[in-house]
Every structure is written in C-alpha cells, then in structure tokens.
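Which chain is which? The protein sequence lines are E, C and R, in order. full-length UniProt numbering applies: residue 1 is where the first sequence begins, and numbers increase by one. full-length UniProt numbering applies: residue 1 is where the second sequence begins, and numbers increase by one. full-length UniProt numbering applies: residue 1 is where the third sequence begins, and numbers increase by one.
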Amino acid sequence: MTATTSPAPPGTEPGGLPEPRRRPSRLRPAGRARTVERGASRVFRWTATSAGALILVVLAAVAVFLVVKAMPALTSTSAELVDSVSFMRNSSSLLDYVGPLVFGTVLAAVLALALAVPVAIAIALFISHYAPRRLASGLGYVVDLLAAVPSVVYGLWGAMVLAPIVQPVWSWLNSTLGWIPFFSGTVSPTGRVILTVGVVLAVMILPIITAVSREVFLQTPRLYEEAALALGATRWEMIRMTVLPFGRSGVVSAAMLGLGRALGETMAVLMILSQGFLYSVLLLVAGQQQTIAANIAAQFPEASDQGMSVLIATGLALFVITLVVNMSARAIVARRKDFSGAN
Amino acid sequence: MAQRIDVKDLNIYYGEFRAVADVAMSVEPRSVTAFIGPSGCGKSTFLRTLNRMHEVIPGARVDGHVEIDGVDLYAPDVDPVAVRRQIGMVFQRPNPFPTMSIADNVLAGVRLNNKRISKGDAQDLVEASLRGANLWNEVKDRLDRPGSGLSGGQQQRLCIARAIAVKPQVLLMDEPCSALDPISTLAIEDLIAELKAEYTIVIVTHNMQQAARVSDRTAFFNLAGQGQPGKLVEVDDTSVIFSAPREQATEDYISGRFG
Amino acid sequence: MATTTDAPTPSSSSASSSELASLLRQVDPRRRRTDRAMRWIITGAFALAMLPLLSVAWTVVSHGIERFDMYFLTHSMRGVYGGIDAGGIYHAIIGTVEITLFATLISVPIGLLTAIYLVEYGRGHLARAVTFFVDVMTGIPSIVAGLFAYALFAVILGPGIRMGVVGSVALSVLMIPVVVRSSEEMLRLVPNELREAALALGVPRWLVVIKVVLRTAVAGIVTGVMIAIARIIGETAPLLITVGVADSINFNLFEGRMMTLPVYVYRQFQQGLIPCSADDMSCIATITYDRAWAAALTLILLVMLLNLVARLVTRLFAPKTIS
Numbered sequence: 001m002t003a004t005t006s007p008a009p010p011g012t013e014p015g016g017l018p019e020p021r022r023r024p025s026r027l028r029p030a031g032r033a034r035t036v037e038r039g040a041s042r043v044f045r046w047t048a049t050s051a052g053a054l055i056l057v058v059l060a061a062v063a064v065f066l067v068v069k070a071m072p073a074l075t076s077t078s079a080e081l082v083d084s085v086s087f088m089r090n091s092s093s094l095l096d097y098v099g100p101l102v103f104g105t106v107l108a109a110v111l112a113l114a115l116a117v118p119v120a121i122a123i124a125l126f127i128s129h130y131a132p133r134r135l136a137s138g139l140g141y142v143v144d145l146l147a148a149v150p151s152v153v154y155g156l157w158g159a160m161v162l163a164p165i166v167q168p169v170w171s172w173l174n175s176t177l178g179w180i181p182f183f184s185g186t187v188s189p190t191g192r193v194i195l196t197v198g199v200v201l202a203v204m205i206l207p208i209i210t211a212v213s214r215e216v217f218l219q220t221p222r223l224y225e226e227a228a229l230a231l232g233a234t235r236w237e238m239i240r241m242t243v244l245p246f247g248r249s250g251v252v253s254a255a256m257l258g259l260g261r262a263l264g265e266t267m268a269v270l271m272i273l274s275q276g277f278l279y280s281v282l283l284l285v286a287g288q289q290q291t292i293a294a295n296i297a298a299q300f301p302e303a304s305d306q307g308m309s310v311l312i313a314t315g316l317a318l319f320v321i322t323l324v325v326n327m328s329a330r331a332i333v334a335r336r337k338d339f340s341g342a343n
Numbered sequence: 001m002a003q004r005i006d007v008k009d010l011n012i013y014y015g016e017f018r019a020v021a022d023v024a025m026s027v028e029p030r031s032v033t034a035f036i037g038p039s040g041c042g043k044s045t046f047l048r049t050l051n052r053m054h055e056v057i058p059g060a061r062v063d064g065h066v067e068i069d070g071v072d073l074y075a076p077d078v079d080p081v082a083v084r085r086q087i088g089m090v091f092q093r094p095n096p097f098p099t100m101s102i103a104d105n106v107l108a109g110v111r112l113n114n115k116r117i118s119k120g121d122a123q124d125l126v127e128a129s130l131r132g133a134n135l136w137n138e139v140k141d142r143l144d145r146p147g148s149g150l151s152g153g154q155q156q157r158l159c160i161a162r163a164i165a166v167k168p169q170v171l172l173m174d175e176p177c178s179a180l181d182p183i184s185t186l187a188i189e190d191l192i193a194e195l196k197a198e199y200t201i202v203i204v205t206h207n208m209q210q211a212a213r214v215s216d217r218t219a220f221f222n223l224a225g226q227g228q229p230g231k232l233v234e235v236d237d238t239s240v241i242f243s244a245p246r247e248q249a250t251e252d253y254i255s256g257r258f259g
Numbered sequence: 001m002a003t004t005t006d007a008p009t010p011s012s013s014s015a016s017s018s019e020l021a022s023l024l025r026q027v028d029p030r031r032r033r034t035d036r037a038m039r040w041i042i043t044g045a046f047a048l049a050m051l052p053l054l055s056v057a058w059t060v061v062s063h064g065i066e067r068f069d070m071y072f073l074t075h076s077m078r079g080v081y082g083g084i085d086a087g088g089i090y091h092a093i094i095g096t097v098e099i100t101l102f103a104t105l106i107s108v109p110i111g112l113l114t115a116i117y118l119v120e121y122g123r124g125h126l127a128r129a130v131t132f133f134v135d136v137m138t139g140i141p142s143i144v145a146g147l148f149a150y151a152l153f154a155v156i157l158g159p160g161i162r163m164g165v166v167g168s169v170a171l172s173v174l175m176i177p178v179v180v181r182s183s184e185e186m187l188r189l190v191p192n193e194l195r196e197a198a199l200a201l202g203v204p205r206w207l208v209v210i211k212v213v214l215r216t217a218v219a220g221i222v223t224g225v226m227i228a229i230a231r232i233i234g235e236t237a238p239l240l241i242t243v244g245v246a247d248s249i250n251f252n253l254f255e256g257r258m259m260t261l262p263v264y265v266y267r268q269f270q271q272g273l274i275p276c277s278a279d280d281m282s283c284i285a286t287i288t289y290d291r292a293w294a295a296a297l298t299l300i301l302l303v304m305l306l307n308l309v310a311r312l313v314t315r316l317f318a319p320k321t322i323s
C-alpha cells in the first residue's frame, strides 16, 4: 500500500518494513515524469483494488439482500405464514416446510456424488496413467464437453430420453433388491424419480471432479511411481501405493466441489423429478422428494410477496449449505497447495 | 541370488533417438560393477534397461539381449513386473513412500505378493532388512513413524532395505549417493561393500573416487558428440581401469581432462 | 556396524537357470488378473462417461434438426397457440443475446480489474481474502444468484419486478469469478522480465499494466471471457425467476419480461403434449417438444460456437513471446 506515497515517508520511517518498501523503490520510475504520472498510477491502483474489494462486497451483498428479503418469512408466526402462503398449506411452520426440502436436496446430491466419484476417479486415472500421452489432453477436453452442455438440455434429455431408458432397470432393481429400503415401494412407471435425477446430476458433476482429480494424479512425483514399479508392482499396484494416497485430499476436495454443484442444480431436478414433500428414502417411487432449488424455480413465478419471502428463506438455507461445502473444499485445496509448494 | 548378467548387442532408444548403441558386457556375480562416464553418456539409461525400468518412459524401447543366468529378460514370455522383483533398484534421490511408516516402507514390496504375511514374520523381515541396510539401530524405536522424517542418508538406506526385503537377485543403484552428504555417502559405501557378499551389485556413479573405492569392475561409457548415442568404451577390473586403461578416452576421463 | 549375516538371504540362493526362468515368467496370477481387471474397469469408466455425451449430442441433433430452420430462427411465439405448426425463437435469441451481453459488460471490467489487482498489486490479507472468496463465489448456486438479483431490485424498485437487467445482474454474479480466474491465469503467464524491462525504461506502472501486460495477455483474456459467456449463456434458473417468460419480442432490457433461449426450452417442455382432436390435421401434438429440442440444438450450437471461436482466438492471436 505504500507504493505510491511521496518520496518523503521512506526517510521519515527509518526502520520501516523491508518487504513493502523494497518493491516500490525498485519500481519507482525515475525522472521528471514521476510527479505527473503518480496521480494516474494511483487512480489505477485504487480502481483495481476496489474491484477486488467489490468481490467481497458482492458476496456480502448476496447474503445481506437474501436475509433482508427473507426477513418477513423469518419473523412471521407460523400461523400467519401457513395462512398467507398457498404452497405451505400442508406444513405447520417454516422449519417444517424447509426440512423435507433440505432432506431432498442432500439426498439427490449425495446420490449424484456416490455415482460420480468412482467413475470420475477412474476417468481421471485413465487420462493420467492409462491413455497414451498424446491423447491425454484431447480426452480431457472431451470430458470437459460434458460441462459445456447447459443444464436445461440435461433436464430435457433426462426427462425425455434417460427416464424411459432407465425405468425397466429401476423395475428390475425393485424386484430383485426390493428388500433394501431404498429400492422398495411401487416403482414409478415414468422413471422420473430421484435416482434418475441422481444419475443426471452425476453426469453433470463428472467433469469438475474429473478435472481436479486428474490434476492431482498428474502431480504424483515420478520418483515414487518409479519406486513402486522397481519393487515389482503392477501398474494398478503402483497406483494404489502412490497415486491414490497422494491424491486423496485432492479427490476429497474435488468431490466436495461436485457436491456443491449438485446441491445447487435446479433445472435437471425441476424437469425430471416427480415432486413430493416427504422425508423419504424411496429412490424409485414417484412423488416423494423435492430439492430447494427446484422448489424455488417451480413456485417463484406464481408466488405472492410473502411466498417469495419464504422461498428466499429456503434459498438462504441452500446458500449457507453450499457455502460451507465449498469453503471446506477450497480450504482443503489451499492446504494442499501450501504443502506441495513447500516441497 | 547373485547371478551373472550378460548383455549382448544392446541398443536403447527414446522414440527415434538412439541413446545407447551396441553395448556388450558381462556383470560378474557377487561383485560390484561401477558405470562411470560423462553426463548424458547413457549409463543411467543402460542401468534402467537391466530391470526393464527403461520402458516405463513413454516411447522408450530396447533392442538386443540382457541375459541373467542365460534367461533373456526381453524374451516375449518374460514379465517385466517379475523382472523388477528379481532385480531391485535404488534411485538417485531417496524415495521412501511418504504416506507409509518406516516398517511399511520396508514391507511395501513384500506385501505385493504376500498380503497376509504374519505379524511375527513381518517384524522379523523388517528387522533383518533394516539390519542388512545398517539402519536398524537408528530407527528401531520409531518404526511406525513416517519414513520421510529421516535424514537423506537414512532415507536412502531405508530404500536399500526396501529393495533387499524382497530378496532380489541383483541390486541396481543409480547414483545412490549424489544427493547425500559425505558422511552419509560413506555409510552407503560401507553398506555396498557388505552387500556384495550376497548380491550382484551394479552402481552408476559420477564420482570416480567412489567407483575406485567400492567397485571390483568398472565400465566406462562415453558419447562421441551431441546427438550421438552413448557407447561402452571399455570394461575391466577397477584397478586396471584406474591404472592402465586400454583406451585413450578412458585415461583422459580418469585423469580429469574432460567430463 | 551390523553384519550382513542377518540380512535376508535370497530365497532361491541356488536358483538354477530353469527356476529363475520360471520366476521371471510369472507374476502371481491373481495380481495379473487384478491388474487386467482394473485396466478394463478404468477404460470402461471412460467409455461409460462418453455414453451420456453421445446420447445427448445425438438426441439433441436428431430431434432438434426437424424444426431448426430459418422460419424457426426468425419468428417469435406471438399469437401462437395450441398445436399449430408455427412459432420460433427469435424473441428468445434477442433476449439471450441482450441479457448475456449486458452481463458481460458488467462482469468483464470488474473481473479483469480484480485479476489485475491480484496479479499486479495484491498482497496481504485483502488479496488472500479475494482469492479465497472468488473461489467460493464459483460455487454459488445459480438459483441463489437469481434470488440475490431479484432481492436487490425488489429492495430498490419494489417487489414483483421482472426485467432483463435483473437477469444480467444475476448472470454477472456467476460470471465474475470465472472471468477473474481465467484472466488471472493469463496475466500470470506474462513473464516478469517484460514488466521489469518496461519499468526500467521509466514507464509508469499503470501504463506498463495496460500497454505491456494486458496487450501480451489479450488473446488469453478474450478466450477466457468467451468461455465464461459460453458457461452462463445456458443458465436457466436465475433467468426464470428474474426475467420471467414472454411470447413477444422485447428489445428493452429495462422494462418488462423477456424470453431467453434456455427458459424457452424449459417453457416448451413444461407445456407438454398438446391435446389434438382427431380430425384436426394441422394440429401437431408434439409441437412443444419439437420446439424445445430445436431450441436446445440452437443453444448447444451457440455454446459450441463460442468455445470454437475462443480456441481460434487463442491459436491465431497467441503472443509470439509465449511459445
């Protein structure tokens, strides 16, 4: 911050901090232009810094405005809300309304994660350790194409193409593994159930998990890979001895980034899922669950003022959940970065 | 255990580039053979072909024969994974697995083939291997601590313990002391002298004094020029190479006139 | 020094050639099998991931191509009802282009300046906080961004407001972090020698940044911006709740609802099959789905085009210094 101060201060503070002082003195332009340009340089620096600070302001504003608009819902009594908000007819309070939505959101995201993570790790390994070197970057690009498809197209595809395809599979699951609670109940004849949503969400978060995992797998020091091979390890044993232990924290944070995406995904859920408001683990039955994001999109256009406030309150819950998930994911990545930088 | 290695008409390639040309030599059992030569002459590349580690580099390939007691390592029915088990390797930079404890590092190779090794056997093997690598007394109180906490020299001896724990026939060492301080180097050199009673050892070194101290036979590699393949100039008893080499190039290198 | 007598003696201390030969030929068959199985599983996983990609591409193209023509691209949905064979996406294209461009107009200056701050000036707590929260911002659910934009305008202009610019603000919340990330990466690629050389000539720092650093990195930054646009152009949920839906053309970002391509896809899908009477030959029961697929095809083509142009920009205008 001391870079643009006038030449006087360096003399007045003899024992000043060495780090910020050395830079400006090296970079300070010599000659007559100095006094003229310092103004412009300062303006530019302040503009850039303000833009950086603005990011923090925006993020804070997101939280503040959501809280402000959620306030009416948060401060009203349950009876008032139930009376004034049409879609809360079957709930006794705001918490009672949000609860099943949070449950459905987490269920859909966890299903997606459970399906996506093993496949993503395998794809990342394929690109980093199995595919020919020359193909690797091209294959990574192909996987990234999955991320380029808009979510509304996934929704359309999931509802019109995938659901009819997987419906017989779900029936089969139900008849053979029906004793497991998840697969019990009456199978939906349309296939528009939360497990189908999980599959589509898994496809959507596959690229991000793959990309991050691939990067950490590629960072495995060759030194250790060769040590494993020289001990007589097969390629898979080498991966298990070195690549996977090395990549563990990276894969964890990749999975959490994926989880964050899946939690907030709207359109695919909205277009595919036959919605319900239950705490239900039945994965193959229609009319059981709904997610926060899809519920907002479904109700918002028709909602009254008070109704919007309720929906914004649920959105606030979603915001907090994803914020926690993403911040922990980023914290893990950051710690890892420090670690590898020290080596 | 200690086996004789015969190399015949060996050419080593990285893609189209021929890195090492026409090597023919023998390595005697229960002895130490040192490879010396200027940087880039292909001595490390050649060493890596002796346990088929060369081919893990994309595009790398080998022409010719490497026979260990008459069995060609490059025969089509030979499995490179089995080869590496029989011919151990120690690398330039110590590389104990940082995610494993000292004991697990020693057992890393053994566990590949024998997942259910009994606890007693495992302990015995860890102790025997660490004693074999002259490391037991220094680490016996912290076997369950990570191997990365050791000093560089200790780590390198841990790698040697890891290599001999799988009971190989031959031990290859690729400049094992170049990343170590003089005292650690001395410890490794002593260890090499002891190990040769049991193993056939091949060591690549940049340090001619080291070659003179530890090896029984020495092979000198050289390259004709930039972009030319490396070649084996001569191989003989170490005393002969360092006192009366047959080739002028060897004498120039030994006496420090180049390289 | 311990003696080597304790050292493990090789198991085959007198391994004959034939024993050795067999040792070299076989690895424990179970290990071989595991290795081979894992190779198949891992390769199979990649193939598995290609299935949805191919399926999406195939169905969008095969279903969408039917109605994808000049008429479809140049007509709106005004006056279109029931199953009549009419209607297009002109109004949605207008909306998408305007809203996206305005979002870009908001995001690029903020994003680029933030990147400049991080690379050229950023030190200490503020820089670390900005870096961290830019990453966090990439994880904001798009629907939350929509709610934020709605709440912002509702507080200022009163509730129930629906107009294009609200959607632009929502999209820019999603776009800014992407622009910051990619621009930052590009600015960091500019070698320090270049900066120092210019500074040594007595050029003030802000001119160095604009004339040297930005000029060197411009191709990469443009590419990053285009990829960011491609990323947000398909966003549906925030536009659904901030801009709403419309059937007619609306050029005005600051007044009234607008249609956008992704919302159009959703809207058509949501309307479902049209109940046609058996004798009405001009009624097409699946018209809404047909329109949805054709609009989805348009959207995907748009995204692909942006990606393609972005790659071309990198290839054609890459600075010669970074080769």
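Quick reminder that beta carbons are idealized off the backbone N, C-alpha and C, glycines included.
Same chain only: Cβ atoms within 8 Å of L174 (chain R), ignoring 5 sequence neighbours per side: Position 174 of the third sequence, counted from the first residue, corresponds to residue 174 (chain R). I140, S142, A145, R231, I232, E235 and P238, listed in sequence order.
Checking contacts by CB at 8 Å: is V119 (chain R) closer than that to chain C? The residue labelled residue 119 (chain R) in the question sits at position 119 within the third sequence. Not one chain C Cβ lies under 8 Å of V119 (chain R).
Shorter than 8 Å from the beta carbon of Q3 (chain C) to some beta carbon of chain R? Looking up residue 3 (chain C) in the second sequence gives position 3. By this cut-off, Q3 (chain C) is an interface position.
Skipping 5 residues on each side, what residues in its chain have a beta carbon closer than 6 Å to that of L297 (chain R)? If you number the third sequence from 1, residue 297 (chain R) lands on position 297. Here the set comprises V60, G64 and F68.
What is the residue span of the beta strand (DSSP E) that M89 (chain C) lies within? Against the second sequence, residue 89 (chain C) aligns to sequence position 89. Per DSSP, M89 (chain C) belongs to the beta strand (DSSP E) from I87 to V90.
Quick check on R28 (chain E): does DSSP put it in helix, strand or coil? Position 28 of the first sequence, counting from 1, holds the residue named residue 28 (chain E). Because R28 (chain E) carries a pLDDT of 44, less than 50, the predicted location of this residue cannot be relied on, and no value is offered for it.
Give a single yes or no on whether P98 (chain C) has its beta carbon closer than 7 Å to a heavy atom of the ligand FMN. Among the ligands in the structure shown, none appear at all, so the ligand FMN cannot be discussed.
If you draw a straight line from the alpha carbon of R30 (chain R) to that of T234 (chain E), how long is it in whole angstroms? For the purposes of this step, residue 30 (chain R) is identified with residue 30 of the third sequence, where counting begins at 1. For the purposes of this step, residue 234 (chain E) is identified with residue 234 of the first sequence, where counting begins at 1. Distance between the alpha carbons of R30 (chain R) and T234 (chain E): 11 Å.
Would V66 (chain C) and L73 (chain C) qualify as a contact pair, given that the criterion is a beta-carbon distance under 8 Å? Residue mapping note: residue 66 (chain C) aligns to position 66 of the second sequence, counting from 1. Residue mapping note: residue 73 (chain C) aligns to position 73 of the second sequence, counting from 1. Contact annotation: V66 (chain C) and L73 (chain C) have beta-carbon atoms nearer than 8 Å.
With DSSP as the reference, identify every bridge partner of L190 (chain C), one or two as the case may be. On the second sequence, position 190 is the one that residue 190 (chain C) refers to. Going by the sequence as given, residue 190 (chain C) is Asp instead of Leu. Bridge partners of D190 (chain C): none, in fact.
Does the distance from the C-beta atom of residue 364 (chain E) to that of L284 (chain E) stay below 8 Å? Outside the modelled stretch of chain E, which goes from 1 to 343, sits residue 364 (chain E), for which no answer is possible.
Under a CB-based cut-off of 8 Å, is S12 (chain R) close to chain E? On the third sequence, residue 12 (chain R) is found 12 positions in, with the first residue counted as 1. With a pLDDT of only 42 at S12 (chain R), under the threshold of 50, the placement of this residue in the model should not be trusted, and no figure is reported.
Mind listing the chain B neighbours of D135 (chain R)? Cutoff is C-beta to C-beta under 7 Å, in chain order. This model lacks chain B altogether; the protein chains it does include are E, C and R.
Figure out for me which residue from R:D280, R:L308, R:I249 and R:V309 has the closest Cα to the Cα of T74 (chain R). In the third sequence, residue 74 (chain R) corresponds to position 74, counting from 1. For T74 (chain R), the closest C-alpha among the options R:D280, R:L308, R:I249 and R:V309 is that of R:I249.
How far does the alpha helix (DSSP H) with A212 (chain C) in it reach, from first residue to last? Residue mapping note: residue 212 (chain C) aligns to position 212 of the second sequence, counting from 1. A212 (chain C) -> alpha helix (DSSP H) spans M208 to V214.
Secondary structure of T35 (chain E), DSSP reduced to three states: Residue 35 (chain E) sits at position 35 when you count from the first residue of the first sequence. Reliability fails at T35 (chain E), whose pLDDT of 43 lies under 50, so the model's placement of it is uncertain and no value is given.
7 Å Cβ cut-off: residues of chain E touching S142 (chain R): Within the third sequence, the letter at position 142 stands for residue 142 (chain R). Within chain E, the residues near S142 (chain R) are G264 and T266.
In this structure, does DSSP put H63 (chain R) in helix, strand or coil? Counted from its first residue, the third sequence places residue 63 (chain R) at position 63. If DSSP states are grouped into helix, strand and coil, H63 (chain R) belongs with the helices.
Which residues of chain E have a Cβ atom closer than 7 Å to the Cβ of M38 (chain R), listed in chain order? Locating residue 38 (chain R) in the third sequence gives position 38, counting from the first residue. Under the 7 Å cutoff, chain E gives W236.
At a CB-CB cut-off below 7 Å, which residues of chain R make contact with Q86 (chain C)? For this step, residue 86 (chain C) is matched to residue 86 along the second sequence. By Cβ distance, chain R contributes L23 and L24.
Please list, in chain order, the chain R residues whose beta carbon lies closer than 7 Å to that of V81 (chain C). The residue you call residue 81 (chain C) lines up with position 81 of the second sequence. The contacting residues are V27.
I68 (chain C) versus D6 (chain C) - alpha carbon distance: As a first step, residue 68 (chain C) is located in the second sequence; it is residue number 68 there, counting from the start. As a first step, residue 6 (chain C) is located in the second sequence; it is residue number 6 there, counting from the start. In a straight line, the C-alpha of I68 (chain C) is about 6 Å away from that of D6 (chain C).
Run the CB neighbour count on I183 (chain C), radius 10 Å, all protein chains shown included, and call it buried at 16 or more, exposed below. For the purposes of this step, residue 183 (chain C) is taken as residue 183 along the second sequence, with counting starting at 1. Sixteen is the threshold: since fewer than 16 other Cβ atoms of the shown chains lie within 10 Å of the Cβ of I183 (chain C), the residue is exposed.
Could you tell me which of C:M25, C:G256, C:A165 and C:D22 sits nearest to A230 (chain E), measuring between CA atoms? By 1-based counting over the first sequence, the position of residue 230 (chain E) is 230. Taking A230 (chain E) as reference, the option from C:M25, C:G256, C:A165 and C:D22 with the minimal CA-CA separation is C:A165.
Using only alpha-carbon positions, find the residue among E:A131, E:V212, E:V106 and E:P168 that is nearest to V333 (chain E). Here residue 333 (chain E) corresponds to residue number 333 of the first sequence, with the count starting at 1. Selected option, being the one with the closest Cα: E:V212.
Taking the continuous beta strand (DSSP E) assigned at E120 (chain R), which residues delimit it? Start at 1 with the first residue of the third sequence, and residue 120 (chain R) comes out as number 120. E120 (chain R) -> no beta strand (DSSP E), and no H or E assigned at all.
If you reduce the DSSP assignment to three classes, tell me which class F220 (chain C) lands in. Residue numbering aside, residue 220 (chain C) sits at position 220 when the second sequence is read from its first letter. F220 (chain C) falls in the strand class under three-state DSSP.
Whole-angstrom Cβ separation of A293 (chain E) and V197 (chain E), contact assumed at under 8 Å? What you label residue 293 (chain E) is simply residue 293 of the first sequence in a count that begins at 1. What you label residue 197 (chain E) is simply residue 197 of the first sequence in a count that begins at 1. So it is not a contact: roughly 12 Å between Cβ atoms.
Use the C-beta contact count for F102 (chain R): other C-beta atoms within 10 angstroms, 16 or more gives buried, fewer gives exposed. Start at 1 with the first residue of the third sequence, and residue 102 (chain R) comes out as number 102. By the neighbour-count rule (16 or more Cβ atoms within 10 Å), F102 (chain R) is buried.
Under 8 Å between C-beta atoms of V83 (chain C) and S215 (chain C): As a first step, residue 83 (chain C) is located in the second sequence; it is residue number 83 there, counting from the start. As a first step, residue 215 (chain C) is located in the second sequence; it is residue number 215 there, counting from the start. No, the Cβ-Cβ distance between V83 (chain C) and S215 (chain C) is not below 8 Å.
If I'm right that A161 (chain C) touches V78 (chain C) with Cβ under 8 Å, what's the distance once you round it to whole angstroms? Position 161 of the second sequence, counting from 1, holds the residue named residue 161 (chain C). Position 78 of the second sequence, counting from 1, holds the residue named residue 78 (chain C). At roughly 27 Å, the Cβ-Cβ gap does not stay under 8 Å, so A161 (chain C) and V78 (chain C) are not in contact.
How about L223 (chain C): is its C-beta nearer than 8 Å to some C-beta of chain R? Here residue 223 (chain C) refers to the residue found at position 223 of the second sequence. Cβ-Cβ to chain R under 8 Å: no for L223 (chain C).
Assign N307 (chain R) to buried or exposed, taking buried as 16 or more other Cβ atoms, counted over all protein chains shown, within 10 Å of its Cβ. Locating residue 307 (chain R) in the third sequence gives position 307, where the first residue counts as 1. N307 (chain R) comes out buried.
Between N51 (chain C) and chain R, is any beta-carbon pair separated by less than 8 Å? As a working mapping, residue 51 (chain C) is identified with position 51 in the second sequence. Between N51 (chain C) and chain R, the shortest Cβ-Cβ separation is not below 8 Å.
Sort E:P150, E:A317, E:R45 and E:W46 by Cα distance to V106 (chain E) and report the nearest one. Position 106 of the first sequence holds residue 106 (chain E). Between V106 (chain E) and the set E:P150, E:A317, E:R45 and E:W46, the nearest pair of CA atoms involves E:A317.
Any contact between the region 76–85 of chain E and the region 291–309 of chain E? By contact I mean 3 or more CB pairs, one from each, below 8 Å. Contact between the region 76–85 of chain E and the region 291–309 of chain E is present, because at least three Cβ pairs lie under 8 Å.
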